[in-house]
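Here's the structure, in structure tokens; my notes come after.
Residue numbers (the working numbering): 58 to 164.
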């Protein structure tokens, strides 16, 4: 997964276009390729950190769902409705975090 900042995207696009023109002339500057690789490397590192953070959020949400299920099972009759609502909320949050992880992994 790559996570480019706006500045990196602009700079990479500019370098790519410059490299494309040089490739047409069959005279590509190696410094240009190194700059693009440096931008890609920093974006890949940032992407790995963001993906790890998303995995942590998903794991925390899974734990929250498990805790909510335990509360539903152990709740008194008066507290069951509130415990079920908390379980639904935890499950919805888990779905959102799983979608975010899936989307990030596809990129």
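Cβ coordinates follow ideal geometry from the N, Cα and C atoms, glycine included.
Check: Cutoff 8 Å: residue 102 Cβ touching any chain C Cβ; Outcome: Here chain C cannot be found, since the structure has a single protein chain.
Check: Residue 103 beta carbon less than 8 Å from that of residue 133; Outcome: no
Check: Residue 131 - containing alpha helix (DSSP H), residue span; Outcome: 87-131
Check: Neighbourhood of residue 141 by C-beta, 7 Å cutoff - its chain only, sequence neighbours within 5 removed; Outcome: 129
Check: Residue 62 versus residue 146: straight-line alpha-carbon distance, rounded; Outcome: 33 Å
Check: DSSP state of residue 69 mapped onto helix, strand, coil; Outcome: helix
Check: Buried versus exposed, by CB contacts within 10 Å (16 or more), residue 127; Outcome: exposed
Check: Rounded Cβ spacing between residue 161 and residue 107 (contact assumed at less than 8 Å); Outcome: 7 Å
Check: For residue 78 and residue 69, the rounded distance between their alpha carbons; Outcome: 14 Å
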